[in-house]
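Comments concern the structure below.
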Amino acid sequence: MTEPPKKVQQTEGGFTAAYRNAAAAGSAQVSDSKSGLSIDHRMTFRDPSMPLRERIAARIASSVQGIDNPSCIDVACSTGTDLGLLARALGDKPAQLHGVDLMEATLQVAREKLPAASFVQGDVVALPYPDVHFDSVQTSRLLVHVPDLKKAIDEMIRVLKPRGTCVISEGEMEKASVMLSNDDRLLRVSEALRDHVAKMCANPRAASEAYRYILSHADAQDVCIEPFSFFLKKPGDMMGPELTHERQFLAKLVSEGALSQADADHYIAQATGRSAEEGNLLQLFFMAEISFRKK
Ligand SMILES: C[S@@+](CC[C@H](N)C(=O)[O-])C[C@H]1O[C@@H](n2cnc3c(N)ncnc32)[C@H](O)[C@@H]1O
465 MTEPPKKVQQ TEGGFTAAYR NAAAAGSAQV SDSKSGLSID HRMTFRDPSM PLRERIAARI
525 ASSVQGIDNP SCIDVACSTG TDLGLLARAL GDKPAQLHGV DLMEATLQVA REKLPAASFV
585 QGDVVALPYP DVHFDSVQTS RLLVHVPDLK KAIDEMIRVL KPRGTCVISE GEMEKASVML
645 SNDDRLLRVS EALRDHVAKM CANPRAASEA YRYILSHADA QDVCIEPFSF FLKKPGDMMG
705 PELTHERQFL AKLVSEGALS QADADHYIAQ ATGRSAEEGN LLQLFFMAEI SFRKK
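Numbering-wise (this note's numbering), the sequence shown opens with residue 465 and increments by one.
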């Protein structure tokens with residue numbers, strides 16, 4: 465008999481509180497004692513989901529092609545990466561680019577990158593813009609952190625003009641990654657890490673919940689969901705070979721008794737050693753791209 469899928473308990477996310485605390489302190493240092501994570505959101509890292517970001521930029525650029533001087537916003541724009549890609553996808557087409565984020569400290573970097581764009585500090589559940597204002601709205605990796613996902617989607621639809629395009633990209637955190645390894649101990653630690661991260665999210669099932677909500681939304685049409693996946697050959701290939709974030713999460717799991725120190729040490733040793741080079745920590749990641757137009 466196959467085991468039923470494990471249910472990760474949804475919490476008022478550790479990460480959600482951490483974003484609010486960082487924003488209130490005027491900082492981009494998102495620290496969270498509940499998860500054990502401390503991370504500066506102005507850091508750069510090698511993002512294997514760049515092809516998805518480029519795909520979304522191309523989708524938005526194509527949706528506003530026939531509009532004179534369109535107005536486009538990225539909600540939770542952080543340091544402006546996705547708006548930069550949109551500017552590139554638009555080429556020499558004039559457009560008004562806007563970004564909004566809870567953390568003012570990240571917007572300072574975005575303004576340096578894109579001086580012609582406009583960046584405003586704000587909350588997705590109370591966007592500081594009038595109704596029917598934008599020709600496109602996009603957001604990436606936000607809804608997992610917003611307890612009131614429906615309110616956030618309603619707000620993004622509120623500021624969108626009729627026939628405007630909205631694109632949302634999110635992970636389904638409980639199922640966001642699978643490790644392909646023949647080492648059962650590594651598999652166990654990898655699952656513990658994934659479950660721990662999912663538990664820290666206000667909406668671990670943001671992708672499927674957002675899709676269902678939008679499908680039933682009276683103001684949404686042409687709703688579409690498309691997958692995006694990528695392989696990570698070894699954990700250090702994304703956030704850095706020193707595995708800073710993994711070490712923080714592992715320390716937390718060990719302190720809580722969810723993992724033994726020996727298991728955590730084994731994972732770090734394998735992830736930084738030959739085992740990783742030999743492909744024994746190959747991970748497959750999934751994300752969803754949800755797009756629709758406002759009626
Ligand atoms: C994981 S980062 C994603 C950043 C960027 N969209 C990306 O895909 O790389 C989450 C971002 O959401 C922002 N954020 C969190 N809660 C928010 C809220 N309620 N309203 C607006 N932004 C929020 C954070 O400040 C942070 O910049």
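Each residue gets a CB set at the ideal place from its N, CA and C atoms; glycine is no exception.
Contact check between the segment 662-674 and the segment 477-493: three or more CB pairs, one atom from each, fall below 8 angstroms, which counts as touching.
For GLU655, there is no enclosing beta strand (DSSP E); the enclosing alpha helix (DSSP H) covers residues 648-663. A distance below 7 angstroms between beta-carbons, with the five flanking residues on each side excluded, links GLY500 to the following residues of its chain, in chain order: GLN712, PHE713, ALA715, LYS716. Bounds of the alpha helix (DSSP H) holding ILE520 are 514-527. When rounded, the separation of the alpha-carbon atoms in VAL494 and ALA674 is 25 angstroms.
Taking C-beta atoms as the reference points, ALA492 and ARG506 count as a pair closer than 7 angstroms. When the five nearest sequence neighbours on each side are left out, the beta carbons in the same chain lying within less than 8 angstroms of the beta carbon of ASP504 are those of ALA492, GLN493, VAL494, in order along the chain.
For the pair GLU636 and ALA559, the Cα-to-Cα distance works out to about 32 angstroms.
Contact annotation: PRO592 and LYS758 have beta-carbon atoms that are not nearer than 7 angstroms. By the CB criterion at 7 angstroms, PHE695 and LEU748 fall inside the cutoff.
For ARG738, the enclosing alpha helix (DSSP H) has its first and last residue at 738-741. CA-CA distance, ARG652 to SER497, rounds to 23 angstroms. With a cutoff of 6 angstroms, ALA540 counts as near ligand 1, since its C-beta is closer than that to a heavy atom of the ligand. Inside the segment 550-590, DSSP marks whole beta strand (DSSP E) runs of 3 or more residues at positions 560-565, 582-585, from first to last along the chain.
Counting along the chain, MET751 sits inside no alpha helix (DSSP H); it lies in the beta strand (DSSP E) bounded by residues 746-758. In this structure, PHE509 places its C-beta atom within 7 angstroms of the C-beta atom of MET703. In this structure, the CA atom of ASP511 is about 30 angstroms from the CA atom of ALA684. Every alpha helix (DSSP H) of 4 residues or more that sits fully in the segment 710-736 is shown, in chain order, as 725-736.
Bounds of the beta strand (DSSP E) holding PHE695 are 684-696. Assigned with DSSP and collapsed to three states, ILE632 falls in strand. Rounded to whole angstroms, the gap between the alpha carbons of LEU723 and HIS709 is 16 angstroms.
Counting only the Cα atoms, ALA671 lies some 11 angstroms from GLU638.
Counting the other CB atoms within 10 Å of its CB gives ASP546 a total of 16 or more, which places it among the buried residues. Following the DSSP letters along the chain, one finds SER604 in no alpha helix (DSSP H) but inside the beta strand (DSSP E) bounded by residues 598-604.
Between the segment 596-604 and the segment 512-527 there are three or more C-beta pairs closer than 8 angstroms, enough to call the two in contact. THR570 is positioned such that its CB atom lies closer than 7 angstroms to that of SER542. The shortest C-alpha to C-alpha distance from LEU549 to any of ASN485, ARG676, GLN572, LYS577 is the one to LYS577.
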